[in-house]
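See structure below.
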Amino acid sequence: MSRYEPSQTEPKWQEAWDKAGAFTARRDPARPKYYVLEMFPYPSGRIHMGHVRNYTMGDVVARQKAAAGYSVLHPMGWDAFGMPAENAAMERGGHPKDWTYGNIADMRAQMRPLGLSIDWSREFATCDPEYYGQQQAMFIDMLEAGLVYRKNAVVNWDPVDMTVLANEQVIDGKGWRSGAAVERRELTQWFFKISDYSEDLLNALDTLTDWPEKVRLMQANWIGKSRGLQFAFETVGAPTGFEKLEVYTTRPDTLMGASFAAISADHPLAKALEHDPAVAAFVTECRKGGTSAEEIETAEKIGYDTGIRVKHPLDPSWELPVWIANFILMDYGTGAIFGCPAHDQRDFDFATKYGLPIKAVFVAEGERDAPLAEAFVPMKSERVTYVRGFAGSETQTGEEAIAAAISHAETNGYGKGVTKFRLRDWGISRQRYWGCPIPVVHCPACGVVPESKANLPVTLPDDVTFDVPGNPLDRHPTWRDCTCPKCGAKARRETDTMDTFVDSSWYYARFTAPRATTPTVAEDADYWMNVDQYIGGIEHAILHLLYSRFFARAMQKTGHLPQKAVEPFNALFTQGMVTHEIYLTRDGNGRPVYHLPEDVIRTDAGATLKDGTAVEIIPSAKMSKSKKNVVDPMNIIAQFGADTARWFVMSDSPPERDVEWTASGAEAAFKHLSRVWRIADEVAKSDTPANAAEDTALARATAKAVDEVTKGIEDFAFNKAIAKLYEFTNTVQRSQAGAGAKRDALRVMAQLMQPMTPHLAEEVWAMLGGTGLVTQAPWPKADPALLVEDSVTLPIQINGKRRAEITVPKDMPATEVEKIALADEAVVKFLAGQPVKKIIVVPGRIINVVV
RNA sequence: GCCCGCGUGGUGGAAUGGUAGACACAGGGGACUUAAAAUCCCUAGGCCGGAAGGCCGUGCCGGUUCGAGUCCGGCCGCGGGCACCA
C-alpha cells in the first residue's frame, strides 16, 4: 500500500499551479476583486515560523476568496533597506547590496516550497532603483505640495564614533559599539507634515470598522488630541524678551493648586540662561542619554530652580518659581507647564523631592481637604468637590470643571482654550548609506533645490566602504558633487537617506502596477485598491500603519492615488507570534549557554542534551536567534512537508494570539494529514453499496462542515475551522455510508482543506475523481435544507445552576417550553414544592427557574 | 514612566451575557501484533462517592445581572508599542 508522501507530491502540484498560471492576478472588470496582503518581510536571509504563520494566514484568505469567485491579488516583496545590511558589511565585509540581494534569493527559495498562492511576477524589493526612484519622484511632488520641510531635531550622538545612533543602538545611555555616554544633539533634518492630517487621521479611525478596536485606540492615543488652556505667565526677573512664559495645560481646573512652573531643558528661556555656568551644567546633565521617550520618562526626575518667578494669573501677588526640569518635552505643548503636585503623580514626586507646596484643588465627594500621601487623580468623568475651585459649581466632574475654567480664562482675558495634538511631524532623515537617497541638491546660490525628475533615480554609489563609522555617502569623493538643477552651478547632493518606514508606506500601492515608470497607474490603482485584507504583526499597530495612512493621503494629494484609497487598508488583522521553549545550560562562570531544540531530547520530566547533560527549560518566548529557541521551517518541510507546517501554525491557537511550536504538535498535524490521505485512499478503492439513511446523515454532516469551515475562515477563526475539519474527518471515517456518498464527502473535504493544505487537497481531489485542480474549483455551498435541525436540547437552570435538560421541537412556543420544564422530573425533585418566583425562557438557549 | 493587550484542565485552546472545558496534544486502559511501530476503540478538570449524584472551579478581590470566562471597578503577573529596529 502506498503512503502519504509530501516530499513527492508537493513539488508536483506547485508545478501544476505554475503551469496553470493559477495565481497570476488579472484586472477583470467582470469579477469582483480581492486584494490580500501580508506585511512584507525584511530579507534577513532565513524564513522563520512567524513568516510561515503570517503568509499561511494570507494564503488561506487568498485561496478561499479565489475559490469564491474573486479576482485575487496576492503579491510579495521585500522591505530591503535598513541597518542590518550595513551592520553585516561592517562585521563581515562585503557590500550591503550583495548581502541584501543574496538574502532575498535565499528567502525566496525557502518560501517557494510553502505552496503559497502568490503572484511572483509582481515581486520587487524596496532597494531596487526602479522602486526607490519612484519614491524620490513622489518626494519631490510632496515637497512641491508643501508636505515636506526641514527643521532642527535631536538625535542620539555618539561622541566617540562621531555618528548618529538609532534608539536600539543606545544601551543604558551608552553607544553599543563605543560604549561612550550618548548625548542628545540637534541636526537639521527632513520632515513630512503628517500633522496637517492629525484631525483627519483621528476622525477617519471611526470608519475603519474592520480594524481591531485596540489598534484604533492605540492610534487615537498616539495622535493624542487634547483640549486645554493656553495662557502666559507674567515673569519676574527673566531676561529681556521673556516677559511672558506661555504654558499649556489640559487641567486648567487645577490652576489654584499650582506650586511651580517648569520648562524643558531645550526651551528658549533655558537656552537664554545658559550663560550661567550652573544652568549650563544642569542643561548639559539633562541632555545626557538617548532621545527615546522611554529613556527620558524613566530617568530620575531632576530640576533646577532658575530664580525667575512668575505671577499667578488669578492672583498677581502670588509668585511661583520657574524650574528647568528634565521630564518636560519641548515637542509637546509649549515646552512649559505649571505643576500641580496634588493631581499629577510626576509633579507630586518632583514637589516632594524639592520641597515645593502640595495643595489639593479637589477632593472625593464627601471628603475633606487633608494632606496627601500621593497624587489624587480620579477619572475626568468622576464628580469631585472643589476646595480650591474658581469656576463652575463646587461639586462637578473634572470635565465640567475644565470647561468652566477655560471659559473663565476666556471671559477674563488671561488665556484661551486650544486644541493640541501629541502627534509630531515625521522625521525621515537618516545619516546612513543603505536607504533611499533624499533627492535634493544644496546649491550655494539657490539653496535647497529638488533634483530634476529627469535625473531620477538618484542611485546609491556602489564604491563605498564601511571600515569607518558614519555615513559613507558623506565621505564619498565624487557622489556628493553635482550640478544645481536650477542654475547649473556646482552643488552638493543631500547625503541623508530616508527612514525605511517611507519605503513601507506605499509598497501596497506599487504592487498594483509594480513595473510602471510612474509610481502608480490610475487604472490599476483604481481596480485593485484598497487592500481588502491586510495581515501583520501587532508591533506595527502605530507607526507603520499610521505612516501608511498618512502617505496614502499625501499620494492622493499629489495625484498618485484615487480619493477612495486614502484609507488604504479596508480590514486589518494582527496575528500573534510563534513561540518556543528555551533550553539552556551554564558554562563554568554560570553564564547561560543556549541550545537549539533539535539538539535537545525532551521528555515529560525535563530535557537533556544528547550526552545526557541536564537542560534548564525556560517557558516559551518569541523565537529569537540569540536564545536559539528557533525551529527552521526548512527542517519541518523536509521532515513532514509544507502542508504539515501550514496546518500546524493554523491549528490550535487563535490567529491573533501567540502559538507555541511543539515537536509533538507538528507530529500530530502530520499524523492527521496522513490519516486524511489514508481515508481517501481507502474510499477511492471501496465499493461499499449505498445506504439511504447513512448517506443522508453524511450529506448533512458535509453541509454542516461546509457551513462551519466557511464561517471559520471568513471570521479569521482558522483554529476553529480546523477543529471542525477534525470533527468532519472523524465523522467520515466512522460513517457507514456507501462509497459514492463518502467520495462526495471527501471531495468537499478536499475543497475545504485546500486553503490550509493545498497539496494534500489536490492529492485527495485527484484520487476521488475531482475535475481539474481543486485550487481552481469553486468554493462549495451548503444546501440550507440539510442544515435545518428540528429539535433542540435546552439546559434547565434553577437559580442559575444547571440541574436538568430537555429536548423539545425547535420552534415550540416559550409558554409550552415552560410547562414541560416545570413538569420535568429532576426539576420537580429539585424544587421540592418551593414556589417559583420567576421563570426565564431564552428560546433555543436556556431556561432559568428562580425560586 | 506612559499607551494598548492578554491570563480558562497536565498542555494548546472552545464557549452571540445562557449547559465551562468543543477540537487537539500529552496521559491511562483496551484491540490488533511473536514483539514493537503504525492504526483503531474507550477514558479523561479537581475533590467526595460503588453508583446515582453532589460540592468546588476560568490569575486575585469586589460589583452589576434571573444568570458572568464574557460587562464594570481595583489589584497581581506576562507581553506589545513609545516616534532612528523592522
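Mind the numbering: the first sequence is residues 7 to 857 in the working numbering, read in order. Glycine included, C-beta positions come from ideal geometry on N, C-alpha and C.
Residues His765, Glu769 of the same chain have their beta carbon placed closer than 7 angstroms to that of Thr15, with the five preceding and five following residues left out of the count. Contact annotation: Met63 and Gln581 have beta-carbon atoms nearer than 8 angstroms.
As for any alpha helix (DSSP H) of minimum length 4 sitting wholly inside the segment 172–196, there is none.
Following the DSSP letters along the chain, one finds Asp65 inside the alpha helix (DSSP H) bounded by residues 55–73.
DSSP places Pro35 in no beta strand (DSSP E); its state is neither H nor E. Lys426 has Ser232 as its beta-bridge partners, per DSSP. With a cutoff of 8 angstroms on beta-carbon distance, Pro801 and Ile852 are scored as near each other. For Gln236 against Val367, the beta-carbon gap comes to about 19 angstroms, at or over 8 angstroms, which does not count as contact. Short of 6 angstroms from the beta carbon of Gln351, and not among the five residues preceding or following it, lie these beta carbons of its own chain, in chain order: Ala381. The way I'd put it, the segment 52–67 does touch the segment 640–655; three or more beta-carbon pairs between them come closer than 8 angstroms. Between Phe288 and the set Glu303, Glu300, Gly296, Gly309, the nearest pair of CA atoms involves Gly309.
Sixteen is the threshold: when 16 or more other Cβ atoms of the shown chains lie within 10 Å of the Cβ of Asp259, as they do, the residue is buried. Taking the Cα positions, Glu306 is about 26 angstroms away from Asn158. About 26 angstroms separates the Cβ atoms of Ile812 and Ala791, ruling out a contact at the 8 angstroms cut-off. With a 10 Å radius around the Cβ and a threshold of 16 neighbouring Cβ atoms, Thr799 comes out exposed.
Secondary structure of Thr501 (DSSP, three-state): coil. Only residues of its own chain outside the window of five on either side were considered, and among them Arg9, Tyr10, Leu766, Glu769, Val770 have a CB closer than 8 angstroms to the CB of Trp683, listed in chain order. For Pro491, the secondary structure class from DSSP, reduced to helix, strand or coil, is coil. By the criterion of at least three beta-carbon pairs nearer than 8 angstroms, the segment 190–205 is not in contact with the segment 213–227. Scanning its chain for C-beta atoms nearer than 7 angstroms, with the 5 sequence neighbours on each side dropped, one finds around Leu122 the residues Tyr61, Asp65, in chain order. In the same chain as Gly565, and ignoring 5 residues on each side of it, the C-beta atoms closer than 8 angstroms to its own belong to Asp147, in chain order. In the DSSP assignment, Arg663 falls outside any beta strand (DSSP E) and carries neither an H nor an E. Its chain contains Arg681, Ile685 as the residues whose beta carbon lies nearer than 8 angstroms to that of Gln739, once the 5 sequence neighbours on both sides are disregarded; these appear in chain order.
One alpha carbon belongs to Ala271, the other to Ala95, and they sit about 38 angstroms apart. In the same chain as Ala451, and ignoring 5 residues on each side of it, the C-beta atoms closer than 6 angstroms to its own belong to Cys493, Ala495, in chain order.
By the CB criterion at 8 angstroms, Tyr439 and Leu462 fall outside the cutoff. Under the three-state reduction of DSSP, Ser797 is assigned to strand. Bounds of any beta strand (DSSP E) do not take in Thr304; it lies within the alpha helix (DSSP H) bounded by 299–304. Scanning the segment 789–847 from its first residue to its last, the whole alpha helix (DSSP H) runs of 4-plus residues come out as 790–793, 820–829, 831–837. Straight through space, the alpha carbons of Leu752 and Leu793 are spaced by roughly 18 angstroms. For Val253, the uninterrupted beta strand (DSSP E) segment begins and ends at 250–255. Within the segment 400–461, the complete alpha helix (DSSP H) segments at least 4 residues long are 404–418, listed from N- to C-terminus. Residue pairing by DSSP places Arg118 in no beta bridge whatsoever. Excluding five sequence positions before and after Pro815, the CB atoms of its chain that fall closer than 7 angstroms to its own CB belong to Asp796, Ser797, given in chain order. With a 10 Å radius around the Cβ and a threshold of 16 neighbouring Cβ atoms, Ser510 comes out buried. The beta-bridge partner set that DSSP reports for Ile685 is empty.
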